[in-house]
Structures are given as C-alpha cells and as structure tokens.
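Enquirer:
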Amino acid sequence: MGVEKTEDPVIIERGDGVARLTLNRPDRLNAMSDAMLDLFVELVADVTADEDVRVIVLTGAGRGFCVGGDLDAFSESGDAEPVTRGASIEKLHRHMRASELLRSSHAVSVAAVNGACAGAGLSLAAACDLRVSSSAAVFRSAFVDAALSGDFGGTWLLTRLIGESRAKQMAFLNEKVTPETAREWGLVSAVHAPEVFEDEVSALASTLSRKAPRALAGLKQNFIDAANLTFAEASAIEAQRHVDCSRTTDLVEAANAFLERREPHFTGS
Numbered sequence: 017m018g019v020e021k022t023e024d025p026v027i028i029e030r031g032d033g034v035a036r037l038t039l040n041r042p043d044r045l046n047a048m049s050d051a052m053l054d055l056f057v058e059l060v061a062d063v064t065a066d067e068d069v070r071v072i073v074l075t076g077a078g079r080g081f082c083v084g085g086d087l088d089a090f091s092e093s094g095d096a097e098p099v100t101r102g103a104s105i106e107k108l109h110r111h112m113r114a115s116e117l118l119r120s121s122h123a124v125s126v127a128a129v130n131g132a133c134a135g136a137g138l139s140l141a142a143a144c145d146l147r148v149s150s151s152a153a154v155f156r157s158a159f160v161d162a163a164l165s166g167d168f169g170g171t172w173l174l175t176r177l178i179g180e181s182r183a184k185q186m187a188f189l190n191e192k193v194t195p196e197t198a199r200e201w202g203l204v205s206a207v208h209a210p211e212v213f214e215d216e217v218s219a220l221a222s223t224l225s226r227k228a229p230r231a232l233a234g235l236k237q238n239f240i241d242a243a244n245l246t247f248a249e250a251s252a253i254e255a256q257r258h259v260d261c262s263r264t265t266d267l268v269e270a271a272n273a274f275l276e277r278r279e280p281h282f283t284g285s
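Quick note, my numbering runs 16 ahead of the 1-based positions in the sequence shown.
1) Taking residue 72 and residue 160 to be in contact with their CB atoms under 8 Å, please state how far apart those CB atoms are, rounded to whole angstroms.
2) Taking the C-alpha atoms as reference points, what is the distance between residue 110 and residue 50?
3) By Cβ distance below 6 Å, which residues in the same chain neighbour residue 174 in space, the five residues on each side in sequence not counted?
4) Kindly indicate which three-state DSSP category residue 85 falls into: helix, strand or coil?
5) Which residues in the same chain as residue 238 place their Cβ atom closer than 6 Å to its Cβ, once the five residues preceding and following it in sequence are excluded?
6) Looking at C-beta atoms only, is the number of pairs between the segment 245 to 253 and the segment 213 to 220 that lie closer than 8 Å three or more?
7) Measure the beta-carbon distance from residue 153 to residue 190 and round it to whole angstroms, keeping in mind my assumption that it falls under 8 Å.
8) Count the other CB atoms, across all protein chains shown, that sit within 10 Å of the CB of residue 232; report buried if there are 16 or more and exposed otherwise.
9) On a Cα-Cα basis, can you pick out the residue from 203, 162, 145 and 148 that is closest to residue 84?
10) Is residue 76 closer than 8 Å to residue 38 when the C-beta atoms are compared?
11) Taking the alpha-carbon positions, what's the residue 48 to residue 261 distance?
12) What residue ranges within the segment 176 to 211 form continuous alpha helix (DSSP H) runs of no fewer than 4 residues, ordered along the chain?
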C-alpha cells in the first residue's frame, strides 16, 4: 500500500482492494479532535463509495487505537465562543455518520485494535464487521466517568454484539475489559501478540480481499437485513442475491478452482 497522506490526523493507504485508515494522534492515544473527525468522515465516505475497495481496516497510530473524544475540547475556557445545543447536535450527527457508513458499506470493515480502545473509539470498533485485538489492548466504555451518556452508536452496537447485560456492565461500571475477556464475550474474534499483530491484520485483510466481491458484499447485506427486516422479508431478498451471485463468472471460477485444486481468482463479474 502507498501512503497518500502522512501528516494529517487520519492516514489513508490503499492497495489490492484494501483501504487502511489509521487514526493519527499518537501523542493523545488518538483521541478525537474535530479536525480528525471531519477528515475521518470524509475518508470513510470516500472509501465506502469506492467499488474497488473490498476491505476497510481501521487502526490507530502508536500505543492506542482510539480513546474517544479529546476531553480538552470540553474543558472550561473563558475564550470559547458559546455553541448552541442545536449546533452541537448537528455536528455530532455529522461525525457519527462514520459509524453508519462503516455498517452500511459493501466493504467488510475490520477494527485492528492495537491499543487502548475506549469511548467513541469502542463505538467505532463495534461498528466494524470484525474486530481483532493486540494482547496489549484494553477496552472500556469510559463515557460514564467522563459525565457523558455515549455516542457513535455504541449502546446499540454493543448490545447486539455482547448482549444487554454485558453491555450495561461495561457502560455503568466502566471497568477495564482485557483482550482475553473481549474474546470470550465475542467482542473480538482473535487476540494476537504485539510483535505479530500487524502481520496477522494484513493476512486477514488479504484473505478477505481475495473473496468473491459480490458474494462478500451480498453476505454483508444479508446481515444488515437480518437486523432490520422480518425473517420473511430478509429471506426473500436473500434468495434474490443468491440467484444473482449464481449467475456470475465468479461462480464458474469457484467451481473450476475447486475441481482443479487451486486458489480461485475472482474478478467481481
């Protein structure tokens, strides 16, 4: 992958069907500033609209994944201009669009949790389709101890990922959750040692990027529909997607590769 931007609060790299977004405020454990969030939403919108991107990897620079909003922005300042409630809600809605884009994109998203993951950072990780963790990471809700009630869809997402009881435990008590516990709860699917973490993430992204694009996107949409539609409605659309995939050249390639005992080479056609 070639780095397109190296000094911005979010770095984007693209290559071989994978877009990698790195939150880049390592001195602040990638706490979210307005500048970071403005750029992040812009980049997420860009990569989720790119049909050539099959996989999105979200990670953090340095020791942290993302510890949520930068609390310095909430500290008292006599020089700060007053902001109306409506303007604050509008700005937060604009930034929270990132969670919606990750969930609704055709691309499969992977949160590569390399370090501290808290607050809105946890919410963003939960918005991804898959999550893998470094053994050096730690997870916590953080909102309640910051006198906040939560954003970026974290409550909705965590309830569905780990169940209401565990989601409430994380939210109300703000206890640290280790990577091992996160794996037991189903919050992450794998935990890797720091020295091999990047290689494991790259291998996972590469594996996903080699899958049949229409099948992968169709499967993801099936899961989205499962959360929003009745069984009958979801099944009807699932059948349509399945038949559409069965009429592709990728299906022929899959069959030939199986018979010839080789890896398939999918084109998305």
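Note that the Cβ used here is the ideal one computed from N, Cα and C, for glycine as well.
For clarity, every value in this text was computed on a predicted model and none was experimentally measured.
Expert: So, from the listed chains and residues:
1) What you label residue 72 is simply residue 56 of the sequence shown in a count that begins at 1. What you label residue 160 is simply residue 144 of the sequence shown in a count that begins at 1. That belief does not hold up - the Cβ atoms of residue 72 and residue 160 are roughly 30 Å apart, past 8 Å.
2) Numbered from its first residue, the sequence shown carries residue 110 at position 94. Numbered from its first residue, the sequence shown carries residue 50 at position 34. Straight-line measurement puts the Cα of residue 50 at about 11 Å from the Cα of residue 110.
3) Taking the sequence shown and counting its residues from 1, one reaches residue 174 at position 158. So the qualifying residues of the chain are 142 and 183.
4) As a working mapping, residue 85 is identified with position 69 in the sequence shown. Note: residue 85 maps to strand in three-state DSSP.
5) For this step, residue 238 is matched to residue 222 along the sequence shown. Excluding sequence neighbours, residue 238 sits near 254.
6) Here the segment 245 to 253 makes no contact with the segment 213 to 220; the two share fewer than three CB pairs at distances below 8 Å.
7) For the purposes of this step, residue 153 is taken as residue 137 along the sequence shown, with counting starting at 1. For the purposes of this step, residue 190 is taken as residue 174 along the sequence shown, with counting starting at 1. Residue 153 to residue 190, Cβ: 16 Å. No contact.
8) By 1-based counting over the sequence shown, the position of residue 232 is 216. So residue 232 counts as buried.
9) Here the question's residue 84 lines up with position 68 in the sequence shown. Looking at the Cα atoms, 162 is the closest of the given residues.
10) What you label residue 38 is simply residue 22 of the sequence shown in a count that begins at 1. What you label residue 76 is simply residue 60 of the sequence shown in a count that begins at 1. Yes, they are a contact pair.
11) Reading the sequence shown from its first residue, position 32 is the one you call residue 48. Reading the sequence shown from its first residue, position 245 is the one you call residue 261. Distance between the alpha carbons of residue 48 and residue 261 is about 40 Å.
12) Scanning the segment 176 to 211 from its first residue to its last, the whole alpha helix (DSSP H) runs of 4-plus residues come out as 180 to 189 and 195 to 201.
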